[in-house]
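Below: the structure, in structure tokens.
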Amino acid sequence: MIVGNIYVIASVTVVGGSLFGLDISSLSAQLSEITYNCYFNQGPESPPFNNSPNCSGPRPLAQGGITAAMAAGSWLGALISGILSDRIGRKWAIIVGCWIWLVGSTLCCAAQGIPMLVISRIINGLAVGIESAQVPVYISELSPPSKRGRFVGVRQWAIT
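Okay, so the sequence shown: first residue is 326 according to my numbering, each after it adds one.
Dropping the structure here:
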């Protein structure tokens with residue numbers, strides 16, 4: 326079977342590993358933003374969109390739910406990834422994970438409230454779970470034994 330240039334394939338599939346790191350870092354950057362705190366404001370100062378430094382943002386329980394939603398979706402994605410790859414193959418499971426990520430990210434950007442943000446992060450987590458389980462196996466199956474560790478290691482590096 327002709328695989329193609331393994332460096333190109335590994336570079337493209339490693340993007341799946343970076344989804345997790347991207348999601349974690351993008352949320353942590355938003356937590357201190359005034360616009361985020363006012364848009365999802367649950368504190369005493371209302372209404373939203375007032376861009377006041379007094380906006381407290383989501384309550385701690387809601388913020389914990391927003392943060393944990395991605396991990397919950399990842400857990401579910403990891404559970405179904407084996408069944409998915411058995412049915413459609415690893416390559417197509419990775420492609421499906423990318424499409425799920427696209428839907429989740431679009432919904433995240435369009436979130437009109439905390440429930441929509443939580444649901445969109447669960448969807449993103451589903452994609453992260455699928456990608457986290459499929460990408461290293463796919464890369465190791467395509468890589469020659471002499472380069473296998475290097476390619477799988479690069480995927481792990483992409484997470485951080």
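Virtual Cβ for every residue (Gly too), placed ideally from N, Cα, C.
Check                                                                                                                : Outcome
Residue 423 versus 390, 335 and 344, residue with shortest Cα-Cα distance                                            : 344
Cβ contact check for the region 395-402 and the region 453-460: 3 or more pairs under 8 Å                            : yes
Start-to-end residues for the alpha helix (DSSP H) that takes in residue 397                                         : 385-413
Runs of alpha helix (DSSP H) wholly within the region 420-478 (minimum 4 residues, chain order)                      : 439-467
contact_flag[the region 344-355, the region 410-419] where n(CB pairs < 8 Å) is 3 or more                            : no
Candidates 380, 368 and 351: closest to residue 360 by CA position                                                   : 380
DSSP-derived helix/strand/coil call for residue 362                                                                  : helix
Distance between residue 459 and residue 428 (C-alpha atoms, nearest Å)                                              : 19 Å
Residue 338 (DSSP reduced to helix, strand or coil)                                                                  : helix
Other residues of its chain near residue 331: CB distance less than 8 Å, five sequence neighbours each side excluded : 467, 468, 469, 472 and 476
Residue 449 versus residue 425: straight-line alpha-carbon distance, rounded                                         : 7 Å
Where residue 382 sits in the DSSP three-state scheme                                                                : coil
Per-residue burial, residue 326 [other beta carbons within 10 Å of its own, 16 or more giving buried]                : Interpretation of residue 326 is limited by its pLDDT of 48, a score under 50 that renders its predicted location unreliable; no figure is taken from the coordinates.
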